[in-house]
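The numbers in the numbering used here rise by one with no breaks, and the one at position 14 of the sequence shown is 14.
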Amino acid sequence: MSDVVSGSLAQGPAGGSRAYGKARAASFGLDASVLVALLAASSAPTPLYPLYQDQWGLSALAVTVVFSAYSLALLSALLTTGALSDRLGRRPVLAGALGAQAVAMVLLASADGAGSLTAARLLQGAATGVATSAAGAALLDLENPRRPGRAALTNTIAPVAGMAAGVLVSTLLVRFAPAPTVTVYALMAALFGAQAIAVTFTTETVNRRAGALRSLRPRLGVPPAVRRTLLTAGTAIVAIWALGGFYSSLGPALVRLVAPNAPRAALGMVFFTLSAAAALTMWVLRRTDPLTTTIGGCLAVLPAAVLTLSGLHGVGLPAAYGGAALAGVAFGAVSQGVLRMLLGSLDERYRAATLAAYYVLSYLSMSLPAIAAGAATRYYGLRTTSHAYAVIAALLAAAALTALAVSRTRTRPCSSPRTRPLR
1 MSDVVSGSLA QGPAGGSRAY GKARAASFGL DASVLVALLA ASSAPTPLYP
51 LYQDQWGLSA LAVTVVFSAY SLALLSALLT TGALSDRLGR RPVLAGALGA
101 QAVAMVLLAS ADGAGSLTAA RLLQGAATGV ATSAAGAALL DLENPRRPGR
151 AALTNTIAPV AGMAAGVLVS TLLVRFAPAP TVTVYALMAA LFGAQAIAVT
201 FTTETVNRRA GALRSLRPRL GVPPAVRRTL LTAGTAIVAI WALGGFYSSL
251 GPALVRLVAP NAPRAALGMV FFTLSAAAAL TMWVLRRTDP LTTTIGGCLA
301 VLPAAVLTLS GLHGVGLPAA YGGAALAGVA FGAVSQGVLR MLLGSLDERY
351 RAATLAAYYV LSYLSMSLPA IAAGAATRYY GLRTTSHAYA VIAALLAAAA
401 LTALAVSRTR TRPCSSPRTR PLR
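So, in structure tokens, the structure goes:
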């Protein structure tokens with residue numbers, strides 16, 4: 001691993017060691033902020049969907065297509081570039097992807113219809129896919145041995161914290177800023193541009209290796225050591241990310257259906273509720289056994305589905321928000337537990353590729369069911385679609401509980417002495 005720190009000054013051994021440590025800490029903080037910003041940008045359009053629908057007359061299906069264009073482009077990028085930073089280095093990959101993100105924000109700000117909005121989201125998704133695995137792997141590379149588990153914790157909390165921040169800021173701009181569909185993206189473009197420049201001065205953690213072009217062949221590079229864990233927890237990942245996709249794309253429409261007179265801010269804030277609950281859950285359960293955490297998250301899906309559906313049967317807005325909060329608890333617990341089981345003892349050579357495989361499954365689970373739900377609303381309405389979606393999510397969670405219970409009795413993979421608590 002390269003020990004070259006860009007911009008560091010020549011010092012004595014002690015001073016050089018301290019400067020290097022500070023440089024690595026600064027790089028860690030910047031990479032964490034990149035993950036936050038990437039996911040903030042991904043969720044920022046959620047409060048804007050009602051505006052787009054009113055201005056351009058978009059249907060629920062059109063909204064889910066716009067939403068899913070981002071996810072599918074991200075998947076394509078993960079499948080082809082998930083291991084690219086293992087070959088070229090983290091810095092050049094991140095800098096290029098952040099520059100592309102800034103361009104995507106400019107395109108989003110200038111969108112004038114569903115077509116241009118979808119094209120901008122495609123570029124955004126591709127850039128996010130390239131950057132996500134590189135930034136996540138860089139965090140693992142930069143982990144301080146004195147604080148084991150912090151990188152895995154950051155990899156789980158930063159994305160959901162970013163989603164919550166993106167929805168919150170976007171909602172505030174819708175309420176108080178002029179031209180909110182432009183302002184939010186202009187701010188994000190400036191942030192990504194600054195991050196792209198800053199990344200070039202950070203600590204490089206990977207030696208450049210041959211085979212960059214060969215690594216672009218679509219494949220999922222899951223090492224044998226974690227394949228069984230990913231297969232066992234796969235259904236749980238599908239269940240909670242499908243819920244996240246529903247609330248991110250159709251959550252505002254659901255709130256409007258449950259409470260037609262609710263203020264506009266309430267429409268977008270339902271996804272903020274889910275994201276904030278997920279981030280808080282990850283922090284609270286950071287030292288809990290990861291398999292137990294994952295099982296608890298699956299259990300939370302069941303009451304989340306029931307509470308959400310009760311909002312459609314007269315309970316109203318509190319039930320919709322309560323269901324979103326419980327869905328966030330499930331999302332946070334399952335995401336954290338699964339990532340800890342996957343990354344607890346993984347060799348650095350496989351980190352970016354493993355994260356890419358995890359996100360491929362996650363974003364497929366988020367986008368494809370959301371598209372199906374958007375299409376179903378055209379024929380059956382949002383009420384019926386919401387019922388079917390909640391029931392399917394509950395069934396998936398129940399199936400995951402069975403698989404995880406069997407895993408606990410047979411192998412208890414998370415009890416390995418190399419799996420570390422998050423701090």
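Note that the Cβ used here is the ideal one computed from N, Cα and C, for glycine as well.
What number of angstroms, rounded off, separates the C-alpha of residue i from the C-alpha of residue j?
i, j, result
"residue 268", "residue 47", "4 Å"
"residue 100", "residue 126", "9 Å"
"residue 279", "residue 329", "8 Å"
"residue 119", "residue 63", "13 Å"
"residue 407", "residue 332", "20 Å"
"residue 238", "residue 43", "19 Å"
"residue 202", "residue 396", "42 Å"
"residue 361", "residue 34", "22 Å"
"residue 92", "residue 155", "20 Å"
"residue 254", "residue 298", "23 Å"
"residue 13", "residue 22", "Caution applies to residue 13, whose pLDDT of 42 falls short of 50 and renders its modelled position unreliable; the value that the coordinates give is listed next. Approximately 14 Å between the Cα atoms of the pair."
"residue 131", "residue 104", "14 Å"
"residue 223", "residue 86", "14 Å"
"residue 187", "residue 70", "19 Å"
"residue 207", "residue 89", "6 Å"
"residue 226", "residue 404", "15 Å"
"residue 320", "residue 196", "39 Å"
"residue 300", "residue 167", "23 Å"
"residue 137", "residue 315", "44 Å"
"residue 38", "residue 140", "18 Å"
"residue 213", "residue 55", "43 Å"
"residue 199", "residue 392", "42 Å"
"residue 32", "residue 97", "15 Å"
"residue 135", "residue 94", "7 Å"
"residue 114", "residue 66", "7 Å"
"residue 80", "residue 317", "42 Å"
"residue 41", "residue 192", "10 Å"
"residue 150", "residue 144", "8 Å"
"residue 309", "residue 337", "27 Å"
"residue 109", "residue 277", "29 Å"
"residue 335", "residue 371", "22 Å"
"residue 176", "residue 152", "36 Å"
"residue 307", "residue 373", "19 Å"
"residue 409", "residue 160", "31 Å"
"residue 304", "residue 324", "7 Å"
"residue 270", "residue 295", "25 Å"
"residue 68", "residue 359", "14 Å"
"residue 165", "residue 248", "13 Å"
"residue 30", "residue 158", "12 Å"
"residue 102", "residue 376", "34 Å"
"residue 387", "residue 302", "13 Å"
Would you list the residues sitting across from residue i in a DSSP beta bridge?
i, result
"residue 402", "Residue 402 pairs with nothing; no bridge assigned."
Where do the ends of the alpha helix (DSSP H) carrying residue i lie?
i, result
"residue 155", "150–176"
"residue 110", "Segment: none, residue 110 is in no alpha helix (DSSP H) and carries neither H nor E."
"residue 288", "Neither: residue 288 is in no alpha helix (DSSP H) and is coded neither H nor E."
"residue 209", "Element bounds for residue 209: n/a, residue is neither H nor E."
"residue 252", "224–258"
"residue 74", "60–81"
"residue 319", "317–343"
"residue 50", "49–56"
"residue 87", "84–88"
Thinking just about the alpha-carbon of each residue, which of the options is nearest to the one in residue i?
i, options, result
"residue 73", "404, 366, 400, 158", "366"
"residue 24", "142, 97, 103", "142"
"residue 342", "363, 290, 314", "290"
"residue 205", "27, 273, 402", "27"
"residue 313", "117, 383, 325, 170", "383"
"residue 340", "276, 270, 282, 57", "282"
"residue 273", "244, 256, 158, 294", "244"
"residue 75", "133, 387, 306, 60", "133"
"residue 509", "84, 275, 285", "As shown, the chain starts at 1 and ends at 423. That puts residue 509 outside it, with no answer to give."
"residue 173", "121, 264, 161, 146", "264"
"residue 394", "286, 122, 241", "241"
"residue 251", "389, 209, 169, 354", "389"
"residue 162", "36, 170, 53, 106", "36"
"residue 77", "402, 381, 355, 112", "355"
"residue 229", "57, 400, 52, 368", "400"
"residue 128", "387, 363, 402", "363"
"residue 61", "379, 387, 122", "379"
"residue 287", "123, 147, 169, 112", "147"
Contact the segment 48–57 vs the segment 169–184: 3+ CB pairs below 8 Å: yes
Cβ pair count under 8 Å reaching 3, the segment 232–246 against the segment 258–265: no
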